[in-house]
Structure formats: structure tokens, C-alpha cells
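Undergrad:
Chains as they are written, first to last, in the numbering used here: chain A, 1 to 132; chain B, 133 to 626; chain C, 627 to 1119.
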């Protein structure tokens, strides 16, 4: 196998994060429908979550729930469990992302009430005709 | 120091946000006293924090007793304490104007508006004092989400502008988060001081460079650094007047502060300025382009508020450029300009919201004869205009002075020329507004004719207008002592 | 140098500023407001005059207002050169106060309270420029002056007045921000100070400063102070003549334009110093450069029929005399230049007062309509004649003193070219002033006047007396130049 291909396979999760991010980016820029834009945004955020989780992953690592006796005895090896911190951080990030999505959806409702459409081109046309 | 003082500064508005929401449901009478009282208390507390920090030096507060690097730390050095004072006082003054204008714009929904408003203030205060890189992301999103909400509460195009802001703002925040992720990848910690301690061996690694780029670009989006400014003008123009009077002066300035924080407390000036000097020059040139283009676009605006938003964008260029000049004068100028620009923008948006309150429009053609109707408001606008043009003894002159000194010291004459060009454009911009307000708009006018009734800003707005005009002059006249006792102390060492 | 720490300079400026408050409060009572303006002017003049004995003894007053930047203070200083200008400005404020009450009252102008209030601010700023101890303070007051005179220029609030006001601000504010501000920063970066030197020789630039930098700063300063109306930055002055005549008189014969040349000469003498200017050979080229303005402005003046426009171009030409004199860098030249600040002020204000009196009495603005008017208004035109003689430079009027010293200075510097310029410009002065006086006294009445059969009379006494006073002072200076020359000698230390 070629060097770069090995690289690609070995770090496939990071490559997927990049691909996901680009998909999200594309949707945010290219799509006219506001809902699609929002979905793109969510994909974008999810990509970052994947990135963070990947940083905590270890080959053969177990869940980070440790037996107290074992831990006190010093028998727990850091290499045996995945790093829990990125997971915790991502819980917060998910909360943030859900809130942003919520606000965005509410805003979109207001836009729909105002212009009767969630298509950007139609809205912009409406805006132009409203403003002399 | 009373060891809980810094957290109290944040707690007052946070608790008041809930109180305003609950009690405001019962009666709208509760909204104003709770909002004002909590902000007044945190303003006073923040002032004591600053005095204490200036006397006794940097102070770190460990939230909940969880020790770093796991727990969140609040860092109160002279710079962050200064920002804390700036945020709390600007917010307090802005509230005097926001109360009447929101009461008029969205009767019956004040309690909703002001709970978001208070959380936003709390978030900004947290942003300036946090010492944890991830906590900073969370607070950045707290301020952003509340800002989205506040802007979307406006009428007409406001929700649409807010949606654009959401998309752009989220991209910015995600970039920032990615940057933090890369830093975590190489240092394994999120505490800023800890990162700064562990990072130097990795300065050569591309991961550190990637992290730095993501952090910077993320913050540039959030601060509307040209050409990443697209979301700002419409968002601030269509937001309820009571929201933009708080957001416009503070949001961009707080983000510029965050950029300084990242450069100095997470990375080092050596890393940012010396190790990559071509990139440094490039960014100053980007600031030059930002200043010039934003000034030119401002010239083509026919709406006072929209014009002001482009002035804000141009000023962001001043500060980014000043920081990236990478010398002590430029940095002094940039930090001084954060304070001054916050006050100037506050002044402009106070004036524009008073005008919106009375006229319902801020388009140029509606401003004729405004000097007769609102002489005091426009008098305050004159002071703000002088400051933004950089006429001594208003404070704007002195920060511009340092930025110019920095530009010359760095040999970056493009930046010097851009500053002067933008001063001239600002002079034209504001002079045009004042001339329109001075004239009747009907061509020739007979002597003494065309008397319009006087309709000054509502009583709550007047003290805030006067205070901000006074402060602009007071800082200017006392610039020497203010610089040596506060700004110089706050400037991080290079 | 004998320095006194004193609040006097601050009090002078403060007194002029404080006049604004009672003027606004008395806004609805014209008589009281007029009285207040006059008494304010008298108080300010008295305060200035009270410093006279000390200044004559060679002492210098200083006052620090505020430390604004490390190494740069807002600081005032009264020395001989500043005192000369302050005395002239504050004395002429008294005359102008009387005159404007007559003028504004007779024409029933609108917004008179605004007019008098901004007038007081403008005078305060002009005094501030006179008393500035460093370039930063000077710049501060210079800008305040530009801004406070805008409402006076745009007083009529007609589109024409707005256009003139706009042009006025663009020229003055634009040049000061674009040229003086960078010059300030450059000087501060390379010398660490902005204070004027205490003599006219050394300047503040250390010998190690790169010459290219000094020359750059010099050019920035020369063009930055556009109030001195050196071509090609003179355009604002003729347009600003739409202002009411008292404004043109005081501001465009005394305060604004004189602040311009005062700033330019102050910078030339006290920032660069004669030695630096000589070493870098800056003086003579400047003299030749402003000679262009002297000649061209006079030629344009010849073509103008509107009296105020002709006076405006005459002002442009005369202002450059001052800079020319100083740029010769010889003692006689500098004396001639500096004393012309006073001489031109008294004579030109007489001319403007006359123009205003003619307008109030007959509503005539054009010279071609003024045939025979001198016979109806003998005092006005007599004063006009005297002041014209001063502009031309004939004895025994003030202008003669200037011309005398300028010729001596040019001879001392052995610049034949400059002498030729002075001769040509004198001839041109005769060319555009003599016909006015001749026509007024000896030509037949204007055809339109004869048809309507109207009889013209002198303007109100409130206007005629000040203009006669100003003319009288011109004559007195011409006969007894010694008093003013003491101050000029004070400049040489």
C-alpha cells in the first residue's frame, strides 16, 4: 500500500471529519433553502464533535468508569481507558449546538411569517420590493 | 480583596435575568428597577475589582474551588479588570437608553428582552475574565446566542439578518473550537496559563500553527474584521434600537480583547509577531484594507445607523492593525482604542436610538432640521464625531496618536496613511449628517422660518447621553494620567 | 529665559470662552447680549494688556493645563510673538463687537445669539493658538477654531452658504488632519518632544535628525496650515466671503487667516529655527514659492468686481508677505513679516468694515456700482482710502513699515528676485485699490442710482466709529512703529 493511503486509512476518522466539515460548509454557502443551510450548519458542528471525540479515542481503550478499589490500588492504567475529557467537552458543545439550532429555527419561523417563504432568493426579492 | 467580588460582578445580572423574567410576567414595572439595580451593583463591584487589581496586582479566582488545570479559573489582571469595568459601565449607561426604546418598540415583551439582555451582559463579563480556553468558547456562544435572539426580536428584516449572523457566527465559533481542539491535542490542557506553559516546545509544529490560524479566523469572524464582516451591518441596523445600543459598542471590542488574550496569554508575542513576521505584515495590510474599504462603503450609506455600522467595522481594522503592529505603541493604542471606541460607539448608538425613538427612522432625508428638534442629542453627536475624527481634546485623538506612533515605529506607513484617510472620511461622514440636521432640506430658507417643535430625547436617555459626552471629553483631557495609571499597566509586556 | 508660572494665559482664554454662557442666557434680549459681548471683549483685552509690562521686560508666562501624553502637555506660553498677536486679536474683537452689533442689527440677521456665541469661541481659540507652548496645544486650538467658525461661515443657511461652509471645512480640516497630524507624530517620534524652542535660532531638531525627514515635516507643516491660504490651498477663502461681513472682517482678516500664518511662522521660527532652515536651505525656496501666491492672487484681485471678493484675494496676497518675510531668515525680513501680522490686521479689518458699511447703507456689493458713493459716505471712504494706502505700502500708514523691512530683508539676503516681486506686487496693489477710491470720490453716480434718485447716507454710528478707529490705528502704527517693534525685537531675544 502507498504511504499516503496508509496514512489515510490509519487516520480515517480525521479525514471523515474534514469531509463532513466541507459538506456542511458547502450546504451553508450553496443552498438557498434556509432549512438546508441550517442542516449544513449542524453537519459542520457534528464534524467538530467527531474531531474532538477522535482525539480522546485509544486503541483498545475501555469506558472511563473506574472501580474505586482498583483505582486506589493504582492498578488502573491510563492507556486502558479512553480520555473522558473530550466527551465531557462535547456534551457542552452539543448543548450549545442544540441551542443555536433552536434559536435558528425560531428565527426561521419569524422569517417565514414575515416573507411567507424560506427560500433565500424569494426572500431577497420580497425585501427588494418592500424597500423602495 | 473580598475574594468573591469578581464572581459577584457576574452573579448580579445573571440572577436579575431570572428575576426580570419571572417578575416581569406579573408586572412590567419590575423590569426597569431590577435591571438597573443589578447592573449598577455589578458596575460598582467591577470598579472595586479594578482598583484592587491595580493596587495589588493580578488575582486569580478559582470557580467552585476546583483547582486548575481541571477547574475553571477567572483571571483578573489589569487588562481584564479594565475590560470588566468597561463592559459593566457601558452596559449600565446603554440600559438607560434601552429601557424607554424597548418599552416603545415591543410593549408587553420587555421582560423577555431584558432577561436575554442581562444574560448577554453576564456572558460578556465572563468572556473578559475567564482563564480557560474552552470556557471561553461556551461564553462566546452564550453571548452569541443571546445576541441572535435580541437581534431577531426586531421588526422587518431583523430575523433574516439574525439568521445570517447565526450562520456566520456559528462558523466563527466552530473555528475557534477547532483551534482549541488542536491546542488540546498537543498540550492536553485547556487552561490558558497551562497551555502557555506547555506550548513553547511545539512552536515549530504545524499543529500549533493550525490552531493559531483557526483561533484567529474564528475571532475575526466574530469581530467582523473586513472582509469577514458581512453579517454585521444588517444585523446591527435592523436590531431593536435597545439591543444595538448594547451590542454595537461591546461585542466587537470584547472580541478584539479576546484576540489580544489569545496572542499574549495562550501563545506569545514572540510566536505571533516575530516568528512569522511576513504574516504579521500581511495582517496589518489586511487591517489597512479593512479600514479603507469600510470607510469607503460607509460613505455610500444613506442611513445613519447603517453608516455607523461601517464605522464600527473600520474601527475594528484600527484595533486589529494596532495589535499586529507588534510594538508597544501600537498595542497601547489598540487597547486605549478599545476603551475609546466602545465609548464612541456607545455615544453614536445612544444618539441614533434617541433619533429612532423620536422619528422612527434614521434615514438621512428624515434628519432635516433635527438641530431644532433635538439640540442636545445632536450636541452629543458632535462630541462623538469629533472624537472619531480624532480632534483633540476628545479621547479619540489620543488612541489614534498612539496607533500612528506605532505605525511609524514599525515603519508601516500604509497603516499610518489608512488611519489618516479614515479620519478624513469620518470627518466627511459626520459632517454630512450634521449639515443635514442643520439645514431644512427645502433649499433656500427665509431667516428664522421653518421652526419645528422641540422634541428632545426621552428623559431617561438624556442623562446617559450627557454622561457619555462628558466621559469622552474627560478621558481626552486626562489622557495623560489615564494612560499612565490604567492603560500602560494593562498593556501586556511584549 | 525669564519664566513666570502663571494662570494668566489660561484666564484670558477662559474669559473669552466664558463669554459664551451669558451671551446664550441673554439670547432673547439683543441690547443686553450686545452689552455682554462688548464687556467680554473689553475684559479679555484688559487681561491681555495686564501682561504687557512683564512681556516688555522680556518675561514669559507659562501655564500647564493637562498632561495629555507622556512628554507632551497641553501647555500655554505667552512670549513676545504670541503676545503681539493676542493683543491685536483681542483689541480688534472690541471694535468688531461694536461693529457687528450695528451690522447685524441694521440687517435684522437671524440667529444672532448663535453668531455671537461662536464668535466668542473663535476668539478664544485664536488666543489659544497665540499662547500655545507646543505644537500639540496649537493643533488643538487650531482645530477648535476651524470648527467653531463653520457656523459663522454657513450663517446664512442658504445652499450657497452651506457649499462655502463645506469647502471651508474640507480645506481646513482636511489639510490639518492629512498633513499636520502626521507631522506631529513624526516630530514626536524623532525628537520626543513637541515644545517650541525658546529662541528662534536653534529649533528642536537634534543635529542627527535625517535631513530628508526634516524637509518632509517642513513641507507637511507649510501645507498643513491651510488657514494661511498659500496657493494652491487658498480656495476656501474667497468662498467663505458669503459670511456676514463682521465674520469676514474679524475672522478672515484677523483670527482665522492670521492664525494660519502665525502657526506657519511659529513653526518655522520656533520648531525648525533659523539655523536649521538655513542649513537645509529651506528659506529662500519658500520665499519664492509664496511669491507666486503674492503675484497671482493680486492678478486675480484685479479681475474681481465684487468688493469682498477683491478684498479676499488681496488678503491671500498679503498673507504671503508675512511668510515671505520670515522665510528670508534675515532679522529685517523676519521683523517685516511679523509686524505685518499686526499691520495687515488693522488695515484689512478697516477695508472689510468699510465693505460692510457700504453694503448696509446702500446694499451694493460690486465696485462698478459704487460711483460717487464716496461723496455720500465720506468717512467710510476716507477710512477705505487710508487702509488701501496701507495695503499698497505708502507712508505714513502701517503698510509702509512692512514694505520697508521687507525690502531691507530682501536686500540683506541679496535676493534681487524677491525685490522685483515686491515692486510688482506694490504696483498691482495700486492697480486694484486706487480705482475703488477714485471711482467713489470722483466718478459720476451710478446710472441706476440716478434713475431711482436715491440718496445714500453713512451707515449707523455703531459701524462708522469702529472703522474710523481701525483706520486711525493704521495711521498711528505708520507714524509710531516703535511700540509694535518692541515685541518684534522681543522675538529675537
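All C-beta atoms in this analysis are idealised placements derived from N, C-alpha and C, irrespective of residue type, glycine included.
Show which residues of chain A have a CB atom less than 9 angstroms away from the CB atom of residue 313 of chain B.
TA: 48, 51, 52, 55, 86 and 89
Undergrad: What's the C-alpha gap between residue 1039 of chain C and residue 973 of chain C?
TA: Going by C-alpha positions, residue 1039 of chain C is about 28 angstroms away from residue 973 of chain C.
Undergrad: With distances taken Cα to Cα, identify the nearest neighbour of residue 715 of chain C among C:969, C:822, C:998 and C:1047.
TA: C:969
Undergrad: Using a threshold of 7 angstroms, state whether the C-beta atoms of residue 1006 of chain C and residue 980 of chain C are closer than that.
TA: Going by C-beta atoms, residue 1006 of chain C is nearer than 7 angstroms to residue 980 of chain C.
Undergrad: Please confirm whether residue 111 of chain A has its beta-carbon closer than 7 angstroms to some beta-carbon of chain B.
TA: yes
Undergrad: Going by DSSP, what residue range makes up the beta strand (DSSP E) through residue 687 of chain C?
TA: 685-695
Undergrad: Is the stretch 279-291 of chain B touching the stretch 418-425 of chain B in the sense that three or more CB pairs, one from each, lie closer than 8 angstroms?
TA: no
Undergrad: For the structure I just gave you, are there three or more beta carbon pairs, one from the stretch 951-958 of chain C and one from the stretch 1080-1091 of chain C, closer than 8 angstroms?
TA: no
Undergrad: Under 7 angstroms, Cβ to Cβ, is there at least one residue of chain D near residue 350 of chain B?
TA: Considering every chain present, this structure includes no chain D. Its protein chains are A, B and C.
Undergrad: Using 7 angstroms as the threshold, is the C-beta distance between residue 677 of chain C and residue 637 of chain C below it?
TA: no
Undergrad: Please list the partners that residue 123 of chain A has in chain B, where partner means a Cβ-to-Cβ separation under 8 angstroms.
TA: 292
Undergrad: Write down the C-beta distance between residue 229 of chain B and residue 485 of chain B rounded to the nearest angstrom, noting that I regard them as a contact closer than 8 angstroms.
TA: That belief holds up - the Cβ atoms of residue 229 of chain B and residue 485 of chain B are roughly 5 angstroms apart, short of 8 angstroms.
Undergrad: Could you tell me which residues DSSP puts in a beta bridge with residue 932 of chain C?
TA: Secondary-structure assignment with DSSP links residue 932 of chain C through a beta bridge to C:992.
Undergrad: With distances taken between CB atoms, is the gap from residue 210 of chain B to residue 181 of chain B smaller than 7 angstroms?
TA: no
Undergrad: Counting pairs of Cβ atoms below 8 angstroms between the stretch 817-834 of chain C and the stretch 926-941 of chain C, do you hit three or more?
TA: Flag = no, the stretch 817-834 of chain C and the stretch 926-941 of chain C do not touch.
Undergrad: Out of C:944, C:925 and C:899, state which residue places its alpha-carbon closest to the alpha-carbon of residue 879 of chain C.
TA: C:944
Undergrad: Is the beta carbon of residue 474 of chain B less than 7 angstroms from the beta carbon of residue 214 of chain B?
TA: no
Undergrad: Name the DSSP bridge partner or partners of residue 27 of chain A?
TA: According to DSSP, which records beta bridges pairwise, residue 27 of chain A is partnered with nothing at all.
Undergrad: Would you identify the three-state DSSP class for residue 788 of chain C, choosing helix, strand or coil?
TA: helix
Undergrad: By DSSP, does residue 1057 of chain C sit in helix, in strand, or in coil?
TA: helix
Undergrad: To the nearest angstrom, how far is the alpha carbon of residue 671 of chain C from that of residue 910 of chain C?
TA: If you draw a straight line from the Cα of residue 671 of chain C to the Cα of residue 910 of chain C, it is about 37 angstroms long.
Undergrad: Exposed or buried, residue 1119 of chain C, counting other C-beta atoms within 10 Å across all chains shown (16 or more means buried)?
TA: exposed
Undergrad: Note down, in chain order, all residues in the stretch 441-455 of chain B with a beta-carbon under 9 angstroms from any beta-carbon belonging to chain A.
TA: none
Undergrad: Within the 7 angstroms Cβ cut-off, does residue 815 of chain C reach chain B?
TA: Chain B contact via Cβ: present.
Undergrad: Closer than 7 angstroms, CB to CB, is residue 101 of chain A near chain B or not?
TA: no
Undergrad: Tell me which residues share the same chain as residue 1020 of chain C and place their Cβ nearer than 8 angstroms to its Cβ, disregarding the 5 neighbours each side in the sequence.
TA: 1026
Undergrad: At 4 residues or longer, what runs of the alpha helix (DSSP H) sit wholly inside the stretch 459-510 of chain B?
TA: 460-491 and 502-505
Undergrad: If you count every other CB in all the chains shown that lies within 10 Å of the CB of residue 874 of chain C, and 16 or more means buried, which is it?
TA: Its Cβ being crowded by 16 or more others within 10 Å, residue 874 of chain C is buried.
Undergrad: So, under 8 angstroms CB-CB, residue 924 of chain C and residue 887 of chain C are touching, yes? Tell me the CB distance rounded to an integer number of Å.
TA: Going by Cβ atoms, the distance from residue 924 of chain C to residue 887 of chain C rounds to 17 angstroms, so no, they are not a contact pair.
Undergrad: Let me check one thing: in DSSP terms, what residues is residue 435 of chain B bridge-paired to?
TA: B:495
Undergrad: Which chain C residues are close to residue 537 of chain B, counting only those with a beta carbon under 8 angstroms from its beta carbon?
TA: Correct list: 811, 814 and 815.
Undergrad: Label residue 113 of chain A either buried or exposed according to how many other C-beta atoms from any shown protein chain fall within 10 Å of its C-beta, with 16 as the threshold for buried.
TA: exposed
Undergrad: Can you list, in chain order, the residues of its chain with a C-beta nearer than 6 angstroms to that of residue 616 of chain B? Leave out the 5 residues immediately preceding and following it.
TA: none
Undergrad: DSSP three-state label for residue 335 of chain B, please.
TA: Coil, per DSSP.
Undergrad: Can you check which of these residues, B:445, B:429, B:344 and B:406, is closest to residue 380 of chain B by C-alpha distance?
TA: Taking only the C-alpha atoms, the option nearest residue 380 of chain B is B:445.
Undergrad: Decide yes or no for the touch test of the stretch 69-89 of chain A against the stretch 21-40 of chain A: beta carbon pairs closer than 8 angstroms, at least 3 of them.
TA: no
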